[in-house]
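Numbers 0 to 815, taken from numbering that gives the first Met the number 0, label the letters of the sequence shown in order. Each residue gets a CB set at the ideal place from its N, CA and C atoms; glycine is no exception. To start, the structure itself, in structure tokens.
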Amino acid sequence: MVTSTATVHRNKENISPTVPSTTDTSTATVHRNKENISPTVPSTTVTSTATVHSNKERTPPSVDSATSSETLHHLMQYAQSDKCAGTWCVTKLQNAMELCKLETKFVNGHKACRVVTVSNTLSVSVTYNGSPVDMPKMGLPSHINNTQEFENVLLKIGNTPACGGLRGQIYTQTKYPALKAAVETVCEDSAEPQQLLRSLECSQLVSVAPGAKVVRCTKCDSLRSAVKQARWRREKLKRVTGNVSQIPAKKTRWDFLSEEEKKNRYNAEQAKRVRADDRAEYHKDRYATLKETIRLAKEDHEDIEHMFNKMDSDVTKLFPKEHRKQLLWKIQRDHVLNKRNQWNPEFLDVCLQLWQRSKQGYADLKDSGFLKLPSERLLQYKKNTVNQRPGLHTEVFEWMNKEAEQQRVTERGRHGFIVFDEMKIQGSVQLRRVGDEFEIAGLVDMGDFYHSMQSLQTGGEQKAEMATHVFQVAFKGCEGFFFPFVWYPTTEIAPICIFNCHWDSVFYLEEYGFFSHACLCDGGQANRDFIKGHFGSEENAIAKKFTINNLYGEGSYSFIMDPPHNIKKLRNNLEKSTVTGTARCFKTRGQNILWAHLKEAYLHDKTNARAPLTSCKIRDGHFQLTPATRMRNHLASDVFSDDMLELLDNYQEFKRHQKGDDDSMSLTREYISAANEFVQIFANTKPIRTMDDPRLMRLDAALHWFLDWKQDVMDSVNLTSKERNKSYISEKLHFDLCSMVFGFKSYVHTMTSQFPGMGLVAGHTNQDALENMFGCIRASNGSNTNPTVLQYGPSVNGYIHCRSFKVRNGNSARKN
């Protein structure tokens with residue numbers, strides 16, 4: 000016998016084939032290019048084998064020959080060409096043609112292969128690993144007439160997956176002689192050999208839907224059921240005959256279980272108990288409902304149904320324009336008739352607000368039976384949809400963007416400023432469950448930058464600190480949109496940490512379509528140092544009007560001290576000004592500015608019968624201050640109000656007539672008038688549209704009164720350095736006032752330049768929203784205690800859902 004083998008390769012280059020020839024064996028290696036150059040292949044006498052790599056563009060020739068032998072000859076030529084589908088090894092037999100396709104896996108030590116045999120009568124048969132394949136089941140003809148049918152057979156056989164059999168020890172290690180099955184050893188690529196159980200009548204190749212997880216023929220599937228039944232019969236027989244030694248124990252003792260097995264058993268038992276409790280509760284409620292149910296006759300049922308339908312129409316007529324009342328009726332009706340109804344989102348928001356404000360009040364209303372309300376667990380799930388964790392997180396910014404879209408915030412409303420402040424919390428270390436594990440909560444967590452700096456300062460030594468405060472950062476748009484988006488548990492925060500958190504927040508806000516053009520904070524020393532860090536010194540900050548170039552955007556960036564805090568500081572500085580001058584003794588142009596002037600004017604108005612009657616807001620509480628009342632914004636604002644100016648004018652008039660004193664309180668009145676300008680302008684809700692607005696000029700005039708006062712004190716040569724410090728407000732307050740005025744004017748200039756004609760409300764440029772948020776968080780966790788770190792995150796979610804509530808015990812609220 001003489002054998003000739005041709006191995007065909009395609010190449011982009013045009014390389015001429017070299018065909019070696021021998022006496023017994025002839026082999027040709029051919030490189031074929033895109034021009035499809037035909038190689039010269041030596042002829043053979045008995046057997047010819049060719050390995051062909053398919054081409055994507057196949058156009059099978061139409062071969063409708065008159066005789067079967069000619070058709071087989073054409074099929075042989077087509078199979079050996081590069082137009083054939085798939086990679087097949089073609090062998091010519093005496094009266095037939097055989098095509099073989101090898102796979103990567105081994106079955107019982109032999110290479111798995113698919114063999115297609117075409118006889119000279121054009122009948123087709125297929126085998127897989129030597130086992131025949133049922134052609135009709137696969138939808139393939141057992142006889143072909145042309146090349147198109149031949150190609151379809153090759154495509155179908157080549158792409159159909161093989162039956163996977165039954166894998167697992169319960170199938171391969173248990174022997175059941177009655178079952179018609181055999182165990183095979185399969186090795187795929189370089190993986191470990193595995194055993195599988197296969198039916199002796201296995202279909203071998205299985206037609207399944209794309210993406211199917213299990214590839215198994217019906218015979219092997221029946222074998223799977225038979226194995227399970229046989230195992231069940233054997234176990235039952237063991238229990239009946241008493242052969243206990245062959246029966247495995249139902250459960251292993253807890254002491255002999257591994258940690259993983261203990262956890263799995265605990266979870267399984269817990270799930271069983273929960274399901275049992277749910278079933279018991281359901282049947283209990285079902286029994287109670289059926290017990291109270293009255294079965295009506297068919298006619299009565301129709302009458303009552305007609306009455307309820309009429310009530311629906313009557314409610315629509317009764318509240319034609321009140322959507323919420325109609326919605327409440329529809330919700331109550333639907334949930335009485337069908338407990339599986341979904342709750343309306345608008346109704347859920349209202350219930351969440353009620354529950355967040357008073358959990359006990361909501362429970363009492365729900366238990367009263369007057370209304371069908373969502374469960375507290377559902378409200379808790381809705382509130383904590385977004386997990387509030389320390390640091391900047393994508394899901395919080397996505398929620399922020401969604402809230403802005405729901406509130407229909409305009410493009411201009413997405414521009415505003417960042418506001419931040421600290422809130423005291425309970426210092427405690429707690430465990431928080433995350434899946435099946437626990438993590439420690441309550442420690443300082445300022446991000447990776449903070450921990451890296453700590454490592455550098457301590458030489459790599461890591462020390463855990465218990466958090467005593469929360470540093471909260473929020474965004475406030477120029478149209479009133481407010482959203483707290485990041486918080487950090489900390490101790491008293493350092494300026495460098497504020498710098499890092501602030502500019503990271505500016506960057507992430509811009510990534511999600513929100514733009515910060517200013518930063519607003521109170522007059523804490525860390526905040527003051529944070530602002531100075533951008534300018535180098537206090538004098539440089541004032542000279543540059545507290546404005547720098549935006550690090551993450553175009554235009555300028557301003558730093559503003561919170562106006563309400565500055566008003567309280569002006570009041571506190573004036574309160575310390577006394578004649579004895581222990582702390583302060585304000586003096587300029589030869590006259591004193593004293594707190595006693597205000598108190599005397601108030602007492603004169605209150606006690607002197609000859610004083611004109613006034614209906615002012617000034618009360619004893621404005622002068623008898625406690626640590627709690629010192630934090631109230633309205634008490635400080637009232638001290639610098641028009642009512643106080645009226646009291647001073649009346650008292651000065653009284654002193655002029657009685658004592659001949661014309662102007663002893665004139666500078667005190669100027670102090671009150673300058674502070675009054677700050678109070679009125681930063682409480683005004685009318686928008687400032689241009690830089691020529693008179694209110695900005697009044698701000699400049701009020702600030703320049705303080706600057707002139709300082710210059711007068713500095714020019715006094717008869718005063719010592721200590722006396723100069725006593726004669727003027729504190730340097731910290733002076734810095735804060737300059738930041739409040741200059742920073743606000745720069746912020747107004749930025750916004751009016753970017754959005755010409757659109758106004759900016761000075762009354763919104765403050766920390767009141769953040770102070771009210773802290774009040775809401777304290778109220779939701781007990782009015783007399785601060786929250787822990789674990790309580791703070793969910794409380795922030797509750798505040799975001801319930802922003803419509805007004806908290807009366809906040810620093811910015813007025814008590815009636």
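A Cβ-Cβ contact shorter than 9 Å links Ala-403 with Phe-480. By the 16-neighbour rule on beta-carbons within 10 angstroms, Gln-651 is buried. Spanning the alpha carbons of Asp-767 and Ala-701 requires a straight line of approximately 23 Å.
If only complete runs of 4 or more residues are kept, the region 304-374 shows the alpha helix (DSSP H) at 322-336, 344-356 and 358-366, in order along the chain.
For Arg-697, the enclosing alpha helix (DSSP H) begins and ends at 693-713.
Note on the region 60-143: whole beta strand (DSSP E) runs with a minimum of 3 residues are 88-91, 95-106, 109-118 and 123-127, in chain order.
Linking Phe-506 to Asn-151 through their CA atoms gives a straight-line distance of about 59 Å. Excluding its 5 nearest sequence neighbours in each direction, Leu-698 has C-beta neighbours in its own chain below 8 Å: Glu-676, Phe-677, Ile-680, Val-740, Phe-743 and Lys-744, listed in chain order. A contact between stretches requires three or more CB pairs, one per stretch, nearer than 8 Å, and the region 197-212 meets this requirement with the region 136-144. Taking the Cα positions, Met-750 is about 8 Å away from Leu-759. Beta-bridge partners of Pro-483 (DSSP): Ala-473.
In the three-state DSSP reduction, Glu-460 falls in the coil class, being neither helix nor strand. According to DSSP, Asn-548 shares a beta bridge with Ser-555. Around the beta carbon of Arg-583, a 10 Å sphere encloses 16 or more other beta carbons of the protein chains shown; the residue is thus reported as buried.
In terms of CA proximity to Ser-374, Trp-342 leads the group Trp-342, Trp-398, Ser-141 and Gly-523. Taking a contact as a CB-CB distance under 8 Å, the pair Val-795 and Ile-776 counts as one, their CB atoms being some 7 Å apart. With a threshold of 16 other beta carbon atoms within 10 Å, Trp-708 meets it and is buried. Note on geometry: alpha-carbon atoms of Ile-143 and Thr-103 lie some 29 Å from one another. For Met-422, the enclosing beta strand (DSSP E) starts and ends at 414-423.
Rounded to the nearest whole angstrom, the C-alpha separation of Asn-649 and Met-664 is 11 Å. One thing to note: Leu-666 has its Cβ no nearer than 9 Å to the Cβ of Asp-604. Taking a C-beta distance under 9 Å as the contact criterion, Leu-351 and Lys-382 qualify as a contact pair. Under the 8 Å Cβ criterion, the region 472-479 counts as touching the region 406-423, having at least three qualifying pairs. Inter-residue distance for Cys-518 and Ser-738 is about 11 Å (C-alpha atoms, whole angstroms).
Straight through space, the alpha carbons of Met-757 and Ile-492 are spaced by roughly 37 Å.
Within the DSSP bridge table, the entry for Asn-591 names Lys-586 as partners. Using a 10 angstroms sphere on the CB of Tyr-727, the tally of other CB atoms reaches 16 or more, which defines it as buried. DSSP places Arg-431 in the strand class (E or B) of the three-state scheme. Under the three-state reduction of DSSP, His-450 is assigned to helix.
In this structure, DSSP gives Thr-288 a helical state, which the three-state scheme calls helix.
Within a 10 Å sphere around the beta-carbon of Pro-389 sit 16 or more other beta-carbons, which makes this residue buried.
Using a C-beta cut-off of 8 Å, the region 215-232 makes contact with the region 156-166, since at least three inter-stretch Cβ pairs fall below that distance. In this structure, Glu-304 is the residue among Glu-304, Lys-290 and Leu-289 with its C-alpha nearest to the C-alpha of Ala-296.
By the Cβ criterion, the region 176-196 is in contact with the region 218-230, since at least three pairs of Cβ atoms, one from each stretch, lie closer than 8 Å. Beyond the five residues adjoining it in sequence on each side, Ala-466 comes within less than 8 Å, by CB distance, of Ile-424, Gly-426, Gly-441, Leu-442, Val-443, Asp-444, Pro-488, Thr-489, Thr-490 and Val-788 in the same chain, given in chain order. Between the alpha carbons of Thr-784 and Glu-421 lies a gap of roughly 16 Å.
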